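What follows is a set of notes on a single structure, which appears directly below.
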Amino acid sequence: MKLKTLVGALAIAGIAAPGLALATNGMNMEGYGPVATGMGGASYAYDNGTAAMMNNPATLGLMADGSRLDVAVGMLGPDVNAKMNGMPDAKSGGDAYYMPAVGFIKKQGQFSYGVGVFAQGGMGTEYSGNSLMSAGSGRATRSEVGVGRALIPLTYTVNPDLTIGGSVDLVWAGMDLQMAMSGGQFMDMMPKTMNPRATNSGGTVSGSMVNAFGGMLQAGQLNAANPVGWGYFDFSNNNDFSGKAHATGYAGKLGVVYKVNPKFTVGATYHSKTNLSDLEASGATVSFNVNMNGGFGNQTIPVVGKIAVRDFQWPETYGFGMSFQATDDLMIAADYKRIGWEKVMKNMTMTFTADTVQSGMAAGFGGTQLNATLYQNWKDQDVFLLGASYKATQQLTLRGGVNIANNPIPDSYLNALFPAIVKNHVSVGAGYAFNKVSSVDGSFTYAPEVSQASGSGVTSTHSQTSYQLMYSHRF
């Protein structure tokens with residue numbers, strides 16, 4: 215099979231690959247490929263198939279000479295709920311996310327090279343319009359963030375013990391958001407010059423749209439005691455494979471693996487921070503429900519325009535690991551990784567630019583701009599991964615592992631639309647070789663429920679089950 219043909223096939227797969235999931239180490243998947251996920255995600259110092267280009271690309275050099283094609287599908291099943299005293303519980307309807315992946319590697323002499331398409335991770339929830347998440351608007355709320363990569367890896371075997379490698383990654387991201395906030399939350403984000411009681415504890419709003427709104431308030435058009443009933447951001451589509459707002463960019467990885475002796479191998483890797491363009495979408499809407507004076511009562515003002523989510527990036531990650539061949543049949547692997555969320559998830563910043571021509575009460579907001587900053591203040595995440603594989607027969611390999619991490623999201627800034635708070639995972643897996651050419655691998659992961667209360671009084675609970683299934687062909 216020619217590499218040129220495979221590149222075309224993988225590009226098509228990349229278009230179909232959603233990369234949309236509610237992920238498990240923050241927004242990252244807990245592991246990539248069923249071989250690694252069956253072992254708690256540990257992957258830095260042994261051959262784990264073409265998914266190594268997402269883990270430690272240097273381990274691609276550990277495969278046997280020849281070519282390998284992996285085709286995989288994964289399903290992530292989050293169980294997310296939001297609770298608040300005095301309100302009915304809200305259950306997220308986003309409970310199944312499917313992620314295809316495909317990779318091809320050719321090893322020839324000292325070099326290994328190829329191409330692949332993988333879902334990186336993301337997060338998402340969906341709540342009905344009659345839930346507490348609607349903030350009284352009666353509108354559905356949802357979030358869906360997805361990131362995927364098309365990768366070109368290359369490794370070089372320096373000597374029988376040392377292999378170095380890296381990859382160049384084309385990265386794309388998509389986002390859907392339907393987010394409601396109460397009038398109190400919106401007014402608390404206002405500049406203190408317009409609302410002296412504002413604390414700006416959760417974020418800020420500014421821009422000419424805010425100034426126009428302030429003008430209505432100062433002119434007495436709005437009820438001074440309760441000017442806003444709710445606000446609503448809406449840029450979302452019904453496409454299962456991409457978000458309404460899009461961005462593209464690039465990143466890269468470096469890795470090394472070293473065989474200390476025939477039984478003990480160590481590895482290390484560095485994944486760069488992405489360089490993504492702003493996520494942008496047209497046809498977005500920002501709506502305000504305002505309390506008008508003069509007998510007009512509550513009025514909803516929908517303003518249509520373009521949205522840009524500023525400087526959304528995937529973090530740098532570095533880690534190291536080891537594998538130990540304890541017996542002819544038993545292999546143990548352990549990794550540590552640190553994910554740099556703190557530098558990329560400090561704030562979520564959106565700029566909404568209203569179209570020049572608006573209708574009805576929105577006419578006064580034509581051409582104005584709204585800058586909204588929602589504080590996130592995530593912390594860096596330490597992840598410990600431990601797994602083992604046991605060759606039960608010549609055909610059957612059994613796997614198991616754990617993945618232990620801290621929660622990167624502070625209580626004060628947790629938003630139930632983005633509850634990426636899962637900590638620990640337990641996984642099992644198996645592989646079966648039909649012959650020297652064909653094999654299948656699968657994994658199943660369970661993340662026990664965690665609970666966290668936000669600064670706004672909403673408590674999120676989150677547990678997960680997931681699986682991955684892969685067919686491999688060698689030639």
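For the sequence shown, counting from 1, position 53 maps to 267 in the numbering used here; every step adds exactly one. Positions of the beta carbon are idealized from the N, C-alpha and C atoms, including for glycine. Please read these numbers as outputs of a predicted model, since none were measured by experiment.
State the DSSP-derived secondary structure class of N440, mapped to helix, strand or coil.
-> coil
Can you name, in chain order, every residue of its own chain whose Cβ lies under 6 Å from the Cβ of G350, other than the five neighbours on each side?
-> Only W444 meet the Cβ criterion.
In three-state terms, what does DSSP make of Q595?
-> If DSSP states are grouped into helix, strand and coil, Q595 belongs with the strands.
Is K321 closer than 9 Å to S381 when the C-beta atoms are compared?
-> No, they are not a contact pair.
With DSSP collapsed to three states, give me the class of W528.
-> coil
Own chain, CB closer than 8 Å to T673, minus 5 neighbours either side, in chain order | A296, K297, M298, S665, Q666 and A667
Best match in T567, T462 and P314 for proximity to V385 [C-alpha to C-alpha] = V385 has its Cα closest to that of T462, out of T567, T462 and P314.
Return helix, strand or coil for E693, following the three-state DSSP convention.
-> Residue 693 lies beyond the residue range present for the chain, which begins at 215 and ends at 689; the question has no answer from this structure.
Figure out for me which residue from P410, G398 and I515 has the closest Cα to the Cα of A577.
-> I515
Tell me whether the beta-carbon of R688 lies closer than 9 Å to the beta-carbon of G280.
-> yes
Identify which residue in Q595, V558 and G434 has its Cα closest to the Cα of G509.
-> G434
By Cβ distance, which residues of its chain are closer than 7 Å to A426, with the 5 residues on each side in sequence left out?
-> Taking C-beta separations shorter than 7 Å and ignoring five residues to either side along the sequence, the partners of A426 in its chain run G578, F579 and T582, following chain order.
Span of the alpha helix (DSSP H) holding G429?
-> S422 to Q432
Cβ neighbour criterion (16 or more within 10 Å) applied to G671 = exposed
So, T565 versus A522, is the Cβ gap smaller than 9 Å?
-> yes
What are the uninterrupted segments assigned as alpha helix (DSSP H) that are 4 or more residues long and contained completely in the stretch 612-679, given in chain order?
-> If we require 4 residues or more, the stretch 612-679 turns out to have no alpha helix (DSSP H) run fully inside it.
Decide if F648 is buried, meaning its Cβ has at least 16 other Cβ atoms within 10 Å, or exposed.
-> exposed
Assuming S677 contacts S653 under a Cβ cut-off of 8 Å, what Cβ separation, rounded to an integer in Å, is found between them?
-> Contact doesn't hold; Cβ gap of about 31 Å is too wide.
Assign A586 to buried or exposed, taking buried as 16 or more other Cβ atoms, counted over all protein chains shown, within 10 Å of its Cβ.
-> buried
When the Cβ atoms of the stretch 246-256 are set against those of the stretch 530-548, are three or more pairs found closer than 8 Å?
-> yes
Out of K473, F658, L490 and F455, state which residue places its alpha-carbon closest to the alpha-carbon of Y464.
-> L490
Touch check for the stretch 490-505 and the stretch 268-284: three-plus C-beta pairs under 8 Å?
-> no
When T541, L493 and F632 are compared against T563, the one with the closest alpha-carbon = L493
What are the boundary residues of the alpha helix (DSSP H) that G398 is part of?
-> G397 to D402
Candidates A568, V359 and N270: which alpha carbon is nearest V518's?
-> A568
Local Cβ density within 10 Å of P248, reported as buried at 16 or more and exposed below that = Buried.
How big is the Cα-Cα spacing for P367 and L274?
-> 9 Å
Which residue from D261, S348 and M347 puts its Cα closest to that of S326?
-> Nearest C-alpha to S326: D261.
Burial state of V571 (16 or more Cβ within 10 Å) | exposed
Counting only the same chain and skipping the five closest in sequence on each side, list residues whose C-beta sits under 6 Å from that of G352.
-> G343
With V372 as the anchor, note down where its beta strand (DSSP E) starts and where it stops.
-> From DSSP, V372 is part of no beta strand (DSSP E); its letter is neither H nor E.
M430 and M337: beta carbons closer than 9 Å?
-> no
Is the beta carbon of G554 sitting closer than 9 Å to the one on P271?
-> no
Kindly identify the DSSP beta-bridge partner or partners of V558.
-> V558 pairs with nothing; no bridge assigned.
May I ask you to check if the CB of L544 is nearer than 8 Å to at least one heavy atom of the ligand GDP?
-> This structure lacks the ligand GDP; in fact it carries no ligand of any kind.
Quick one: which unbroken beta strand (DSSP E) runs of 3-plus residues sit fully inside the stretch 476-559? Chain order, please.
-> 478-485, 493-506, 511-524, 531-539 and 544-553
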